[in-house]
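Residue numbers (the working numbering), protein chains in the order written: chain A, 550 to 853; chain B, 864 to 1161.
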Amino acid sequence: MKKFYSNKPAIILFAVPALFVFTVFVFYPIVQVFNKSFYDWNGLGTGTFIGFENYTKLFKDTVFKISNKNALIFAGTITIFQMTLASTFALVLSNQRVKGREFLRIAYFIPVVLSVTVVCQLWLAIFNSDSGLLNTIFQRLGINYRQNWLSNRYYAIYAISFVNAWQWMGYQFALLMAGIKSIPNDYYEAAKIDGASTFLAHMKVTIPLLKETYKICLTISLTGGVKAFTEMFIMTKGGPGNSTYTLTYLMYKAAFREFRYGYGMASASILVIQCLIIILVINWLFRDREGRDAKWGRIKEKAN
Amino acid sequence: MGQNKRKSKLVNKSVSLDSGNSFFGRLWKIIFRLFCWLYAVISLYPVIWLIFYSFKNNSEIFVTNPFGFPTTLRWENYAKAWSQYDVPTYFMNSLIVSGVTVALTIVLALLFSYATARMRWRGRNVAKIYLSLGMFIPVQAILIPVAKLINGIGFDSTRAGLITIYTAINLSFASLVYYGFLKELPVELEEAACIDGANIFTSFFRIIVPLVKPATATLIIYTFLNAWNEFNLANVLVVEEELKTLPLGLLFLQGIFTTDWGAMGATMVIASLPTIIIYIIFSKHVENAMTIGGAIKG
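Rendered as structure tokens:
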């Protein structure tokens, strides 16, 4: 059996193609990002080494500040929107006797399978100031609240965040539903015997047991703020002014419009670092405290 | 056994959790359910509105009937979208790029995970961890070097450029799924094959490939949806009109159709139909496939 599994030619034939493709098209590019971020490079030749100059420029750039602020707004909006709604719907629909459960599940998930371009074009039509759905609704209801939704420099970022939150709410909902399905029913029986109401049972049993799922949801929506790009690119082009820029948009603009590749790479490496920090912080916040609690318990027992 | 027992208990979760029969208990129940239906309208109506207006003409969309079912089904919008513009080209490109990406990803990932999960060689763990690093790299971050690279190797005016990079970014996830699946499979079948004198290739194709079918189905759906809807890479890699995929092609419709919302709507419906149909037919599978993706990413 050992010989069977250590067939050298087979190992090479099986493992090398994937390793090669990954190394050339993902690993080498990410190394390039960090490397070239120290260069003044217009995309031709090798460029000149300038140390941290791209980074110092970036940190002074007002657009960089706007981008970070927008990342916070974007991440905050989609996290609050998706977490509260997805949790509510998942908890209500975890009761299998709710009528229309299957239909509701599909209704929430349909936007997820749409292409982001379709979603953006669709919401451009909805937000359209002359004949968009939203303004038409206000008009028909007799409310004088016509808005140019995407051309307000303060609110455009919220409108964009809403579009993303709308599209991906169903995704978090499905994640939470899958999590709830894996909780054994015994817990609920115990809670019921103790006389807990549905609400209390969910607060004390379901939500704490969904810790891992919430960790995933939070990681996705918080890094989503840093990575946001397509919605801005299609719906506002970063405008009005530069009020809806994000870090990715800044990177795109620097490299592909202004041919400042080094500067673009510096923003890209900040992007990677910000994503990693978010992942690390979330993992730290959700770290397993059980080991420590158990230890405390033993210490307390001894003290008593 | 243990798992079966657990499953049977999961089925009647609703029996043990029920808000009391008190007045307020019932009131809350009604409020929460109404809220669920209200949001379903918000979630679904924009899509339905799109389908409705893809059958309308401008005066109906803007003035006479902006919200409801079209008075006449104007199929000519669809005919126009399909014949006058490049929609069939975009559609074919998306189909080719997504199809080949799925095939390549499945083959490379399965081979690789078999080598790391089953075969014995030094460095197999390092190789596995190295490949799974891809889960932490945002695609947005590598846009610039990838664009340079694809230009550099002359893939920039071909579909091969998109296909290779799509395969590369999907490999990490697909390998992790296969790895987990293979680790759960018992080795007895392969042992038997080995004793019967089969070599590793025969045993791989005759035993492993059929056994991992459930994981393959999940990955086909996941990778296909990802590739079909991918925008960021396509946006920087494809310039030629005849190579554009649907998400990219749709971007420029705005300019073409500004005065003709019906045809624009029809184009968007055509672009969305494949994924919506796949989802409605395989809804449970699609949700599983998509949520497995999230579970591993976190």
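All residues carry an ideal CB built from backbone N, CA and C; glycine is no exception.
With a threshold of 8 angstroms between beta carbons, Y588 of chain A makes no contact with chain B.
Rounded to whole angstroms, F930 of chain B and L890 of chain B show a C-alpha spacing of 32 angstroms. Contact holds between the segment 1123–1137 of chain B and the segment 917–925 of chain B, because three or more Cβ pairs, one in each stretch, are under 8 angstroms apart. Listed in chain order, the positions of the segment 800–815 of chain A with a beta carbon within less than 8 angstroms of a beta carbon of chain B are M800, Y801, A804, F805, Y810, G813 and M814. V575 of chain A is a Cβ neighbour of I1000 of chain B, given a cutoff of 8 angstroms. Of the candidates A:T595, A:N791 and A:V565, the residue whose Cα lies closest to the Cα of Y703 of chain A is A:N791. Taking C-beta atoms as the reference points, K1107 of chain B and Y953 of chain B count as a pair closer than 8 angstroms.
Between T797 of chain A and A705 of chain A, the C-beta spacing is not below 8 angstroms.
In the structure shown, F782 of chain A adopts helical secondary structure according to DSSP, grouped into three states. In this model, K551 of chain A and Y993 of chain B are separated by some 25 angstroms (Cα to Cα). Only residues of its own chain outside the window of five on either side were considered, and among them V668, W715, Q716, W717, M718 and G719 have a CB closer than 8 angstroms to the CB of P660 of chain A, listed in chain order. For G719 of chain A, the nearest CB of chain B lies under 8 angstroms from its own CB, placing it at the interface with that chain. With a threshold of 8 angstroms between beta carbons, L936 of chain B makes no contact with chain A.
Ranked by how close their Cα comes to the Cα of G774 of chain A, the residues A:K609, A:V712 and A:L683 have A:V712 in first place.
Chain B places no beta carbon closer than 8 angstroms to that of Y704 of chain A, leaving this residue out of the contacts. If the five residues before and after E1105 of chain B are omitted, its C-beta is found closer than 7 angstroms to the C-beta atoms of T952, all from its own chain and listed in chain order. For I1139 of chain B, the neighbours in chain A by C-beta distance under 8 angstroms run, in chain order, I659, V662 and L663. As summarised for the segment 709–774 of chain A, there are no continuous beta strand (DSSP E) elements at least 3 residues long confined to that stretch. With distances taken between CA atoms, I1155 of chain B lies nearest to B:Y1085 out of B:A1134, B:N1095 and B:Y1085. Sequence-ordered contacts of the segment 1028–1046 of chain B with chain A read I1028, T1030, A1031, I1032, L1034, S1035 and S1038 [C-beta pairs closer than 8 angstroms]. T1079 of chain B is positioned such that its CB atom lies no closer than 8 angstroms to that of A1152 of chain B. Between the alpha carbons of I1139 of chain B and L663 of chain A lies a gap of roughly 7 angstroms. In the DSSP annotation of this structure, the continuous segment of the alpha helix (DSSP H) that includes P1077 of chain B starts and ends at K1076 to N1092. Contacts with chain A at 8 angstroms (Cβ-Cβ) include W912 of chain B. If one requires a minimum length of 4 residues, the alpha helix (DSSP H) runs lying completely within the segment 973–1061 of chain B are 987–995, 1006–1015, 1022–1047 and 1051–1058, in chain order.
In the assembly as shown, F782 of chain A is a buried residue. Its beta-carbon has 16 or more other beta-carbons within 10 Å.
Note: F598 of chain A is bridge-paired with A:Y588 in the DSSP secondary-structure output.
Residue burial annotation: K648 of chain A is exposed, with fewer than 16 other C-beta atoms found within 10 angstroms of its C-beta. Runs of alpha helix (DSSP H) with 4 or more residues, each lying fully within the segment 788–834 of chain A, are found at 796–801 and 810–834, listed in chain order. Contacts between N791 of chain A and chain B, judged by CB atoms closer than 7 angstroms, are missing: the closest CB pair is about 18 angstroms apart. When secondary structure is reduced to three states using DSSP, F895 of chain B falls in the helix class. Using a Cβ-Cβ cut-off of 9 angstroms, S555 of chain A is close to M982, R983 and W984 of chain B, given in chain order. Per DSSP, reduced to three states, the secondary structure at S678 of chain A is coil, with no helix or strand assignment.
The alpha-carbon of I561 of chain A is positioned some 10 angstroms away from that of A567 of chain A.
Two segments are said to touch when three or more pairs of C-beta atoms, one from each, lie closer than 8 angstroms; by this definition the segment 972–982 of chain B touches the segment 1031–1039 of chain B. Residues of chain A with a Cβ closer than 8 angstroms to the Cβ of Q1003 of chain B are, in chain order, K776, F778, T797, M800, A817 and L820.
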